[in-house]
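K.L.:
Below: one structure in structure tokens.
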Amino acid sequence: MSTRATNILVPVISVILGLIVGAIIMLISGYNPIDGYAALWNGIFGDLYTIGETIRQITPYLLAGLAVAFAFRSGLFNIGVEGQLIVGWFAAAYVGVAVELPMIIHLPLAILAAAAAGALWGFVPGLLKAKFHVHEVIVTIMMNYIALHTTNALIKTVSGGGDRTESIFASASLRSEFLENLTEFSRLHYGIIIALVMVGVMWFILEKTTLGFELKAVGFNHNASQYAGMNVNKNIILAMVISGAFAGLGGAMEALGTFEYVSSKAGFTGIGFDGIAVALLGMNTPLGVIFGATLFGSLKYGALNMPNAAGIPLEIVEIVIAVIIFFVASGYIIRLFLLRAAKKKEAK
Amino acid sequence: MSFLEVLYFIVPSAIFYAAPLILVAIGGVFSERSGVINIGLEGLMVIGAFVGILFNLLFADTFGDATPWLALIAAMVAALLLSLVHAVASISFRADQTVSGVAINLLAIALSLYLVKKIFGKGQTDFITERFTRYDFPVLSDIPFIGPMFFTKIYNTSFLAILIAIIAWFIIYKTPFGLRLRSVGEHPMAADTMGINVNRMRYIAVMISGALAGIGGAIYAQTISGDFGHATINGQGFMALAAMIFGKWHPLGAMGAALFFGLAQALSIASSSIPIIQDIPNVFLLILPYVLTILALAGFIGRANAPKANGIPYIKGQR
Chain A
20 MSTRATNILV PVISVILGLI VGAIIMLISG YNPIDGYAAL WNGIFGDLYT IGETIRQITP
80 YLLAGLAVAF AFRSGLFNIG VEGQLIVGWF AAAYVGVAVE LPMIIHLPLA ILAAAAAGAL
140 WGFVPGLLKA KFHVHEVIVT IMMNYIALHT TNALIKTVSG GGDRTESIFA SASLRSEFLE
200 NLTEFSRLHY GIIIALVMVG VMWFILEKTT LGFELKAVGF NHNASQYAGM NVNKNIILAM
260 VISGAFAGLG GAMEALGTFE YVSSKAGFTG IGFDGIAVAL LGMNTPLGVI FGATLFGSLK
320 YGALNMPNAA GIPLEIVEIV IAVIIFFVAS GYIIRLFLLR AAKKKEAK
Chain B
151 MSFLEVLYFI VPSAIFYAAP LILVAIGGVF SERSGVINIG LEGLMVIGAF VGILFNLLFA
211 DTFGDATPWL ALIAAMVAAL LLSLVHAVAS ISFRADQTVS GVAINLLAIA LSLYLVKKIF
271 GKGQTDFITE RFTRYDFPVL SDIPFIGPMF FTKIYNTSFL AILIAIIAWF IIYKTPFGLR
331 LRSVGEHPMA ADTMGINVNR MRYIAVMISG ALAGIGGAIY AQTISGDFGH ATINGQGFMA
391 LAAMIFGKWH PLGAMGAALF FGLAQALSIA SSSIPIIQDI PNVFLLILPY VLTILALAGF
451 IGRANAPKAN GIPYIKGQR
């Protein structure tokens with residue numbers, strides 16, 4: 020079996036195993052898995068409204084997935100997408116509330132602010148990794164909590180002691196009457212176009228520019244890149260900055276499209292952590308991220324229908340997602356199994 | 151409030167908040183000293199908290215006063231079993247240990263909330279009736295200064311945490327088992343050549359980390375929160391991870407760091423009633439542990455070096 024085929028088979032098998040484990044858990048706890056998955060299916064594709072909402076849910080997952088995948092390709096594990104997304108969310112909402120400008124300036128400004136905030140949050144671990152060789156995983160985890168508490172404090176200041184900001188001005192909004200009418204008034208907004216363009220941007224950077232070539236080279240072997248005359252430190256920082264900018268844009272989708280405000284949070288949104296799942300499932304390629312984001316975004320939104328339609332707690336879908344991550348990460352054992360199966364076939 | 155009163159108030163509550171952190175951080179020390187990164191501490195703590203509360207609610211009538219202690223054992227077993235999933239993935243299946251840890255965190259919170267909704271029909275459990283109780287330590291609490299600070303209104307669980315930290319130090323630095331554990335985390339191939347079973351050592355270490363994280367979670371739930379819901383643990387496991395790093399992967403260092411982070415938490419909650427601190431915005435106290443950890447890693451507060459083979463699966467015969 021070719022490596023390409025196994026590379027695609029590993030995620031597919033993982034998804035199937037995840038769904039099987041979910042079914043078994045539903046069976047053991049006395050629910051009917053067929054009802055459960057039917058409710059999930061209807062929650063995703065039930066009518067035009069749910070389809071619109073599903074696509075809306077996929078939008079930030081695309082960007083979070085891109086952020087994780089981009090860092091992975093440069094050999095960095097950005098577990099801080101969650102924090103970068105939160106600061107991006109706040110920055111976009113703040114620009115949306117603070118000033119009123121013509122849309123042609125206001126909207127891009129708000130989006131750029133989100134990207135810049137995310138990039139800044141990615142810059143810190145990048146710099147520490149490049150200059151002090153500090154492992155980025157720990158720093159980004161810590162940065163997540165700093166982001167959470169700092170934005171909560173800022174929201175309190177901006178709103179004069181409240182829990183959420185005002186709604187943003189219409190000139191900074193991504194809302195789209197056209198898309199809303201198309202999908203029976205779901206909250207689907209133009210963000211999906213931005214997200215898909217960003218998928219193209221990531222592909223372009225990685226495949227068509229010198230920067231992308233260097234980033235991938237550093238990811239494969241930073242010693243070799245150093246000897247080849249590349250500036251490894253610069254590339255590490257750049258990779259984290261771009262990754263953070265993607266994550267910040269994910270926050271802008273929530274700030275300017277879905278919610279049109281930012282509220283203080285008791286805990287994380289979870290989008291950033293699911294971004295890890297998206298990237299892994301998509302094997303860190305731009306096209307793969309589209310598949311991963313579509314799957315996890317759909318599962319996440321469809322799950323909301325499960326308690327009503329089948330009486331099953333929606334956490335079952337989180338369990339399925341966790342199991343999928345587990346199996347994708349353990350790809351070695353699935354590959355081994357596939358290899359043995361292929362050998363047996365040849366022996367016959 | 152006079153300065154002494156503030157001290158008598160803040161030191162016990164710092165120890166109170168630190169106890170679960172100490173245990174979980176020590177668990178992290180065992181796992182990472184053997185070369186297995188354990189981001190899943192948060193998830194293991196969640197399972198510990200959930201099982202602890204569940205056991206307490208189900209058996210409070212049967213066991214009475216002993217319930218919280220038995221709940222610790224139940225939580226320990228549950229978290230140990232979950233940690234085996236991480237061990238299998240990261241040791242036998244050679245998975246990326248950080249990713250496997252992330253999966254453990256997602257799985258733990260999802261599984262326990264799923265069961266909470268299934269069993270209780272709502273988003274969080276009822277409040278427990280049998281809690282750990284505070285008491286004044288006999289004789290020692292009468293000592294001036296030290297008595298009111300360390301021995302009045304204390305929990306036995308705090309003593310347990312400090313005791314386990316000292317035992318962990320003894321095991322890791324003074325026993326053959328500890329030497330093997332550290333060697334497996336620094337240079338597994340050399341250890342293997344000397345006849346140490348690398349993977350077995352790592353399995354044991356991850357299981358110890360699971361057990362301690364489970365106890366830590368159950369202590370947190372049964373002393374601080376009193377029930378279990380989605381926000382019960384909310385980052386305590388990651389703070390323990392931070393304490394482990396700030397303590398430079400040393401059991402006593404981790405204990406010291408956990409006590410310090412406990413102080414920061416106690417201050418952030420009680421700051422409004424303390425004269426000097428009430429002017430500092432709360433957010434600075436909330437982010438203090440995380441900022442300090444980053445600074446420690448960057449070498450501004452002494453160099454923090456991870457065990458050499460941390461995060462690398464051991465594959466026999468590979469250079």
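As given, the protein sequences belong to chains A and B, one line each in that order. Just so you know, my numbering puts the end of the first sequence at 367, numbered straight through with nothing missing. Just so you know, my numbering puts the end of the second sequence at 469, numbered straight through with nothing missing. Glycine residues also receive a C-beta, built at the ideal position from the N, C-alpha and C atoms. Computed from a predicted model, the values in this text were never measured in an experiment.
By Cβ distance below 6 Å, which residues in the same chain neighbour R183/A in space, the five residues on each side in sequence not counted?
P.N.:
Against the first sequence, residue 183/A aligns to sequence position 164. For R183/A, where only same-chain residues beyond five positions count, the Cβ hits under 6 Å are Y280 and S282.
K.L.:
Going along the segment 420-435 of chain B in order, which residues come within less than 7 Å of chain A, judged by CB to CB distance?
P.N.:
Residues P431 and V433.
K.L.:
Please list the terminal residues of the continuous alpha helix (DSSP H) segment that includes I187/A.
P.N.:
For the purposes of this step, residue 187/A is taken as residue 168 along the first sequence, with counting starting at 1. Unbroken run through I187/A: none, as it is neither H nor E.
K.L.:
S282/A by DSSP, collapsed to three states: which one?
P.N.:
One-based indexing of the first sequence puts residue 282/A at position 263. Three-state DSSP puts S282/A in a strand.
K.L.:
How far does the alpha helix (DSSP H) with P52/A in it reach, from first residue to last?
P.N.:
Within the first sequence, the letter at position 33 stands for residue 52/A. Element bounds for P52/A: P52 to F64.
K.L.:
Using a Cβ cut-off of 9 Å (strictly closer), state whether L147/A contacts chain B.
P.N.:
Residue 147/A sits at position 128 when you count from the first residue of the first sequence. Cβ-Cβ to chain B under 9 Å: yes for L147/A.
K.L.:
Mind checking if G181/A is an interface residue toward chain B, Cβ cutoff 9 Å exclusive?
P.N.:
To locate residue 181/A, count along the first sequence from 1; it is residue 162. So no, G181/A is outside the interface.
K.L.:
Take L36/A and list the residues in its own chain whose beta-carbon comes closer than 8 Å to its own, dropping the five residues that flank it on each side.
P.N.:
Indexing the first sequence from 1 puts residue 36/A at position 17. These residues qualify, in order along the chain: V342, I343 and F346.
K.L.:
What does H208/A pair with, by DSSP beta-bridge criteria?
P.N.:
As a position in the first sequence, residue 208/A is number 189, starting the count at 1. DSSP lists R194/A as partners of H208/A.
K.L.:
CB V106/A to CB G270/A, shorter than 9 Å?
P.N.:
Walking along the first sequence from the start, residue 106/A turns up at place 87. Walking along the first sequence from the start, residue 270/A turns up at place 251. Yes.
K.L.:
Closest by CA to L413/B, which one among P439/B, W399/B, D429/B and A260/B?
P.N.:
Start at 1 with the first residue of the second sequence, and residue 413/B comes out as number 263. Closest by alpha carbon: P439/B.
K.L.:
Report, in whole angstroms, the separation of the C-beta atoms of A221/B and F200/B, which I expect to be a contact under 8 Å.
P.N.:
Sequence index remark: in the second sequence, residue 221/B carries index 71 (1-based). Sequence index remark: in the second sequence, residue 200/B carries index 50 (1-based). That pair is no contact at about 11 Å.
K.L.:
Going by DSSP in three states, I304/B sits in which element: helix, strand or coil?
P.N.:
Position 154 of the second sequence holds residue 304/B. Three-state DSSP puts I304/B in a strand.
K.L.:
Does Y353/B come out as helix, strand or coil in the three-state DSSP assignment?
P.N.:
Indexing the second sequence from 1 puts residue 353/B at position 203. Helix, per DSSP.
K.L.:
Are the Cβ atoms of Y68/A and F204/A separated by less than 9 Å?
P.N.:
In the first sequence, residue 68/A corresponds to position 49, counting from 1. In the first sequence, residue 204/A corresponds to position 185, counting from 1. Judged by their CB atoms, Y68/A and F204/A are nearer to each other than the 9 Å cut-off.
K.L.:
Mind listing which residues of the segment 247-271 of chain B have their C-beta closer than 7 Å to chain A's C-betas, in chain order?
P.N.:
T248, V249, S250, V252, A253, L256, L257, A260, L261, L263, Y264, K267 and K268
K.L.:
Is it right to say N303/A is buried, meaning 16 or more other beta carbons lie within 10 angstroms of its own, or is it exposed?
P.N.:
The residue you call residue 303/A lines up with position 284 of the first sequence. It is buried - the Cβ of N303/A has at least 16 other Cβ atoms within 10 Å.
K.L.:
With the cut-off set at 9 Å, would you say A420/B and G202/B are in Cβ contact?
P.N.:
Here residue 420/B refers to the residue found at position 270 of the second sequence. Here residue 202/B refers to the residue found at position 52 of the second sequence. Their beta carbons are not under 9 Å apart, which means A420/B does not touch G202/B by this criterion.
K.L.:
Chain B beta carbons: is any one of them nearer than 9 Å to that of Y164/A?
P.N.:
Position 145 of the first sequence, counted from the first residue, corresponds to residue 164/A. Yes, its Cβ sits closer than 9 Å to a Cβ of chain B.
K.L.:
Name the residue from L157/B, L310/B, M405/B and F243/B whose alpha carbon lies nearest to the alpha carbon of I352/A.
P.N.:
Reading the first sequence from its first residue, position 333 is the one you call residue 352/A. It is F243/B.
K.L.:
Where does the unbroken alpha helix (DSSP H) through G385/B begin, and where does it stop?
P.N.:
As a working mapping, residue 385/B is identified with position 235 in the second sequence. First-last for G385/B: undefined, no H or E at that position.
K.L.:
Quick one: which residues of the segment 435-448 of chain B get their C-beta closer than 7 Å to a C-beta of chain A? List them in chain order.
P.N.:
Those would be L436, I437, Y440, V441, T443, I444, L447 and A448, in chain order.
K.L.:
Per the contact definition of three or more C-beta pairs closer than 8 Å, is the segment 250-259 of chain A in contact with the segment 95-104 of chain A?
P.N.:
yes
K.L.:
Could you work out which residues of chain A lie near I395/B, taking near to mean beta carbons separated by less than 7 Å?
P.N.:
As a position in the second sequence, residue 395/B is number 245, starting the count at 1. Within 7 Å Cβ-Cβ: I157.
K.L.:
Report yes or no: is there a C-beta of chain B within less than 9 Å of the C-beta of M161/A?
P.N.:
On the first sequence, residue 161/A is found 142 positions in, with the first residue counted as 1. By this cut-off, M161/A is an interface position.
K.L.:
Report the rounded CA-to-CA distance for H154/A versus N455/B, giving the unit in angstroms.
P.N.:
As a position in the first sequence, residue 154/A is number 135, starting the count at 1. As a position in the second sequence, residue 455/B is number 305, starting the count at 1. Each residue's alpha carbon lies about 10 Å from the other.
K.L.:
What residues of chain B sit near I338/A, judged by a beta carbon separation below 9 Å?
P.N.:
As a first step, residue 338/A is located in the first sequence; it is residue number 319 there, counting from the start. Correct list: L256, L257, A260, L261 and Y264.
K.L.:
Quick one: any contact between the segment 198-217 of chain A and the segment 101-120 of chain A, if contact means 3 or more CB pairs under 8 Å?
P.N.:
no
K.L.:
So, does the segment 232-249 of chain A touch the segment 64-82 of chain A, judging by three or more C-beta pairs under 8 Å?
P.N.:
These segments do not touch.
K.L.:
Any chance the segment 354-362 of chain A sits against the segment 255-262 of chain B, with 3 or more Cβ pairs inside 8 Å?
P.N.:
no
K.L.:
I'd like to confirm the pairing. Which residues does DSSP put opposite Y285/B in its beta bridges?
P.N.:
As a first step, residue 285/B is located in the second sequence; it is residue number 135 there, counting from the start. Y285/B pairs with I304/B.
K.L.:
Please check if any C-beta of chain A sits within less than 9 Å of the C-beta of I176/B.
P.N.:
Indexing the second sequence from 1 puts residue 176/B at position 26. No - not a single Cβ of chain A is within 9 Å of the one on I176/B.
K.L.:
Determine the chain A residues that contact G387/B at a beta-carbon separation under 7 Å, and present them in chain order.
P.N.:
By one-based count along the second sequence, residue 387/B stands at place 237. Residues of chain A passing the Cβ test: none, with the nearest at roughly 10 Å.
K.L.:
Check this for me: beta carbons of A229/B and G251/B, under 9 Å apart or not?
P.N.:
The sequence position of residue 229/B within the second sequence is 79, counting from 1. The sequence position of residue 251/B within the second sequence is 101, counting from 1. Not closer than 9 Å, so no.
K.L.:
Taking C-beta to C-beta, are P457/B and E336/B nearer than 9 Å?
P.N.:
What you label residue 457/B is simply residue 307 of the second sequence in a count that begins at 1. What you label residue 336/B is simply residue 186 of the second sequence in a count that begins at 1. Cβ atoms of P457/B and E336/B: closer than 9 Å.
K.L.:
Kindly confirm or deny that the segment 383-393 of chain B and the segment 356-373 of chain B touch, where touching means at least three C-beta pairs closer than 8 Å.
P.N.:
yes
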